[in-house]
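For reference, the structure is listed below as structure tokens.
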Amino acid sequence: MVPLHVLAQTSAEGARDTGAAAGATLPEVTVATQAASEELVARRSASGTKTDTPLEEIPQTINVVTAAQLELTGALDINQALRYTPGFSSYGTDNRSDWYAALRGFTPTQFADGLQLPSTLNLASWRIDPYMIDSMSILRGPTSVLYGAGDPGAIVDVRTKQANGERVREVGIDVGNYARKQLEFDIGDRSSEDGTVSYRLVGVARDGNSLIGPRPDRRIALAPSVRLQPSADTSLTLSATYLQDRGDISSNFLPAQGTVLFNPNGKIAPKLYTGDPDFNYYRKQQWSIGYQLEHHVNSIWTLRQNTRFMRLSLDNASVWGGGFEDGSQTDMTRYAGLFDIGYRRFVIDNQAEAKFDTGAIKHTLLLGFEYSRQTTSDSEWLALAPSLNLYNPVYTPVTRAIFDGPDSYGLSSIQTRMNMFGIYAQDQLKWGRWVVTAGGRWDKARITQSDVVAETSQGQRDHAFSGRLGVSYLGDNGLSPYASYSTSFNPVIGTRIYGGTLAQPTRGRQLEAGMRWQPAGKQLMLNAALYQINQTHVLTPNYGLDPTGSTSVQTGEVRARGIELSATGKVSRNLSVVASYAYQDVKNVKAGDDSLGKWPVDIPRPRQMASLWADWTWHNGPLAGFGVGGGLRYQSSAAGAADNSLTVPGYTLYDASLHYTMDHWRFAFNVSNLFNRGYVSGCQSSSVCIYGNARTAMATAKYTW
């Protein structure tokens, strides 16, 4: 059987629609000015409540990665941008995908500017170039009360650079290993004397080599935007994005023997290319258009509408590994695939916000209606490819003729249409030092899935209510403890359980208690949180009624418990730190097979993770403008294979940075995995282990005027 689960890892456990939502038009952090770009700590967020709210009043953990942190740590993609946040683990970067992995034990849902991105296969995921990021908010725990369907671990909301009335003039050049060369620019200003019209254009052009294999890795990305502000009460921001990627697979699916287990032939080379240099190619194109409209009706009411249409198309030919052939410890079975995948997603979120008082209680009331529609076409043609000796590779040519031969698995073509409706309400009640946040949302999903080859079709309708109740206390000295209870749901698309009925959505619930500390007058934020998440209605084999285990029931349950600590900001004028620690215990507490009591392994879930980045920048004396930074990232051992029969060793990685700022110029040199340590980032089974990223180095020069 072809291991499609390897190639078709999804950003939300399958091609599910995880809802869509819009945040307020005000960004958390503005990076257009030099002063703002130096801010490591965000004070407010629109992602935690969909209203512009101080972080201390949000009753769930929220981490904000600012543009300053992205620049200091030299992040080359979203995975690297998140590597110093608590509890983030990943399979490593694939140039086709950011491979979002575990946050609080579950796959996070991806958003941009408050609206959900298309729910896709990792093979074809929607990507945002890090140069276009203004900030990133990670809201932890169930978020369905505001954002609709999704797993209960977290959402990652990327806020992009858009026109905001500020003057921006920047151009940069990056040069790195793997022959990487990149040109980037960010140009923005007011185009009218009265400031009613402003614009911004952000662009990236890159050329280089894949991390493994012979094919190049190229990207072109553009993000124009225009803001119209005819009055102080009304603003309309029009935005568009375009991204084109050309490349190849840059990660391998390798056997456990030779990676985490002993192989008498030695260790498998991390940079071994298991594809076919003449067959493989990767061509992805994505674009979006949308707007953010905000109007202050009066001193009480504000209306917002946020909408975006997105389209992604992928043309891909790939050869990948599927474990050793029977009885061999050298020759790996390989599979070949032709993939033609397309996504279209439309999202619109309408909000009405009211601020008023009832006696001594101040209210921020939010009412909203959200609609999203996604259509997916997924055509895959799979076949058995020639095997490959991993220790003495000889690449037998792969041709398209194998798809018409006896080793072909045939063509599959699935089309899915998902319509999601959500109505929600939230009230933030502030009385003295107490802030209570209460909200509820009702969602309805209508899903149709068609098998084009078999000429069959099936439909399902799901609905769910989700909520959140939280309380925060604004104490002295910047201390703000909080506690909350929140729930989530996520549809299971196109899966029939025992008895022939369609599966119901999975459900999630979380209890969380935490503490924030923002010392007065300091740019410093400390967080601590305890949580427990239970996800129920999880599919599990039904051996009790079906001895073959070929059908499932929804009696499975996953439980995640943990603690998270983080510190971000300036310890002194010269010293900046970003630090985190996470301990998590994730188990299948209910299951119908040998995964009972074991850790899920579809994504890496190490028990402990810790990271520390420190930067020292001189502001006076002969070294003024010069800075040096360094970081370490630790992950403990993790379970591999569904029965946890494999142990993936833990590892510690080191990063480093040098930078110098002078009039109009900034020069930087960043190295990730400084000592080029080889490590395995995760194993899904004895046939599927993945090496983590090798050392990458990047020199950057930016000029502003």
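First residue of the sequence shown: 932, per my numbering; consecutive thereafter.
Ideal Cβ placement from N, Cα and C applies to all residues, glycine included.
Just so you know, these numbers come straight off a predicted model, no measurement behind them.
Using 7 Å as the threshold, is the C-beta distance between residue i and residue j below it?
{"i": "Asp1382", "j": "Ala1395", "result": "no"}
{"i": "Leu1296", "j": "Ala1314", "result": "no"}
{"i": "Leu971", "j": "Ser1507", "result": "yes"}
{"i": "Leu1321", "j": "Tyr1274", "result": "no"}
{"i": "Arg888", "j": "Pro990", "result": "Shown here, the chain extends from 932 to 1636; a query on residue 888 therefore has no answer."}
{"i": "Tyr1212", "j": "Ala1267", "result": "no"}
{"i": "Asn1350", "j": "Arg1304", "result": "yes"}
{"i": "Gly1084", "j": "Arg1035", "result": "yes"}
{"i": "Leu1185", "j": "Cys1620", "result": "yes"}
{"i": "Thr1016", "j": "Ser1415", "result": "no"}
{"i": "Tyr1514", "j": "Ala1541", "result": "no"}
{"i": "Leu1605", "j": "Tyr1585", "result": "yes"}
{"i": "Arg1348", "j": "Gln1282", "result": "no"}
{"i": "Met1263", "j": "Leu1224", "result": "no"}
{"i": "Val1250", "j": "Asp1207", "result": "yes"}
{"i": "Ala1291", "j": "Trp1232", "result": "no"}
Using beta carbons (cut-off 7 Å, strictly below), is residue i in contact with chain C?
{"i": "Gln1435", "result": "As a matter of chain content, chain C is missing from the structure shown, which is built from one protein chain."}
Thinking just about the alpha-carbon of each residue, which of the options is nearest to the one in residue i?
{"i": "Ala1012", "options": "Val1559, Asp1025, Asn1281, Val996", "result": "Val996"}
{"i": "Arg1440", "options": "Met1456, His1468, Ile1424", "result": "His1468"}
{"i": "Thr1168", "options": "Leu1159, Ala1630, Lys1092", "result": "Leu1159"}
{"i": "Ala1460", "options": "Phe1210, Thr984, Arg1071", "result": "Arg1071"}
{"i": "Gly1406", "options": "Ala977, Thr980, Glu988", "result": "Glu988"}
{"i": "Gln1093", "options": "Asp1271, Pro1155, Thr1635", "result": "Pro1155"}
{"i": "Tyr1404", "options": "Val1366, Pro1195, Gly1045", "result": "Val1366"}
{"i": "Gly1430", "options": "Gln1485, Val1402, Arg1447, Gln1449", "result": "Gln1485"}
{"i": "Asp1029", "options": "Ser1020, Arg1608, Thr1426", "result": "Ser1020"}
{"i": "Glu1097", "options": "Tyr1078, Thr1127, Ala1080, Gly1081", "result": "Thr1127"}
{"i": "Arg898", "options": "Glu1256, Asp1209, Val1423, Val1579", "result": "Any property of residue 898 remains undetermined from this structure, which presents the chain solely from 932 to 1636."}
{"i": "Asp1644", "options": "Ser1122, Phe1352, Gly1371", "result": "Residue 1644 lies beyond the residue range present for the chain, which begins at 932 and ends at 1636; the question has no answer from this structure."}
{"i": "Lys1453", "options": "Ala1491, His1294, Asn1408, Ser1419", "result": "Asn1408"}
{"i": "Arg1027", "options": "Ser1182, Phe1287, Gly1500", "result": "Ser1182"}
{"i": "Asp1516", "options": "Arg1137, Ser1318, Trp1530", "result": "Trp1530"}
{"i": "Pro1472", "options": "His1226, Asn1519, Thr1387, Arg1597", "result": "Asn1519"}
{"i": "Ala1451", "options": "Thr1426, Gly1500, Ala1444, Gln1435", "result": "Gly1500"}
{"i": "Tyr1130", "options": "Arg1137, Ile1118, Val1076", "result": "Ile1118"}
{"i": "Thr1037", "options": "Gly1523, Gly1341, Arg1490, Trp1636", "result": "The sequence given here places Phe at residue 1037; Thr does not occur at that position. Selected option, being the one with the closest Cα: Arg1490."}
Can you tell me the Cα-Cα spacing of residue i and residue j, whole angstroms?
{"i": "Ile1220", "j": "Gln1113", "result": "25 Å"}
{"i": "Val1502", "j": "Ser1068", "result": "22 Å"}
{"i": "Ala1573", "j": "Asn1237", "result": "41 Å"}
{"i": "Asp1148", "j": "Arg1214", "result": "10 Å"}
{"i": "Ser1497", "j": "Leu1457", "result": "6 Å"}
{"i": "Asp1105", "j": "Arg1111", "result": "8 Å"}
{"i": "Leu1360", "j": "Ala1369", "result": "8 Å"}
{"i": "Glu1488", "j": "Gln1466", "result": "6 Å"}
{"i": "Ser1050", "j": "Met1241", "result": "11 Å"}
{"i": "Tyr1634", "j": "Val1102", "result": "5 Å"}
{"i": "Thr1482", "j": "Ala1599", "result": "55 Å"}
{"i": "Thr1548", "j": "Lys981", "result": "35 Å"}
{"i": "Leu1442", "j": "Ala1570", "result": "25 Å"}
{"i": "Thr1004", "j": "Asn1505", "result": "16 Å"}
{"i": "Leu1269", "j": "Arg1377", "result": "30 Å"}
{"i": "Gln1260", "j": "Pro1537", "result": "28 Å"}
{"i": "Tyr896", "j": "Ile1534", "result": "Here the chain covers residues 932 to 1636 and nothing more, so residue 896 does not appear."}
{"i": "Val1089", "j": "Arg1364", "result": "31 Å"}
{"i": "Thr1437", "j": "Thr1074", "result": "14 Å"}
{"i": "Tyr1204", "j": "Gln1188", "result": "17 Å"}
{"i": "Val1579", "j": "Pro1201", "result": "15 Å"}
Let me know if residue i comes out buried or exposed under the rule of 16 or more other beta-carbons within 10 Å of its beta-carbon.
{"i": "Thr961", "result": "The predicted position of Thr961 is uncertain, since its pLDDT is 34 and thus under 50; no value can be drawn from it."}
{"i": "Met1629", "result": "buried"}
{"i": "Leu1142", "result": "buried"}
{"i": "Thr1289", "result": "exposed"}
{"i": "Ser1526", "result": "buried"}
{"i": "Ala966", "result": "Caution applies to Ala966, whose pLDDT of 36 falls short of 50 and renders its modelled position unreliable; the model cannot decide the point."}
{"i": "Thr1190", "result": "buried"}
{"i": "Gly1593", "result": "For the sequence presented, residue 1593 should be read as Met rather than Gly. By the 10 Å Cβ count, Met1593 comes out exposed."}
{"i": "Phe1420", "result": "buried"}
{"i": "Asn1229", "result": "exposed"}
{"i": "Gly1299", "result": "buried"}
{"i": "Phe1042", "result": "buried"}
Between residue i and the ligand ADP, is the CB less than 6 Å from at least one heavy atom?
{"i": "Gly1084", "result": "No copy of the ligand ADP occurs in the structure displayed, which carries no ligand at all."}
Ranges of the alpha helix (DSSP H) found wholly within the region 1030-1105, counting only runs of at least 4: The region 1030-1105 contains these whole alpha helix (DSSP H) runs: 1075-1078.
Those runs of the alpha helix (DSSP H) which lie wholly inside the region 1551-1584 and span at least 4 residues: If we require 4 residues or more, the region 1551-1584 turns out to have no alpha helix (DSSP H) run fully inside it.
Start-end ranges of the beta strand (DSSP E) lying completely within the region 1304-1374, minimum 3 residues: Listed in chain order, the beta strand (DSSP E) elements of length 3 or more contained wholly in the region 1304-1374 are 1339-1362.
Length-filtered (3 minimum) beta strand (DSSP E) runs lying within the region 1462-1533: Runs found: 1483-1501, 1506-1521.
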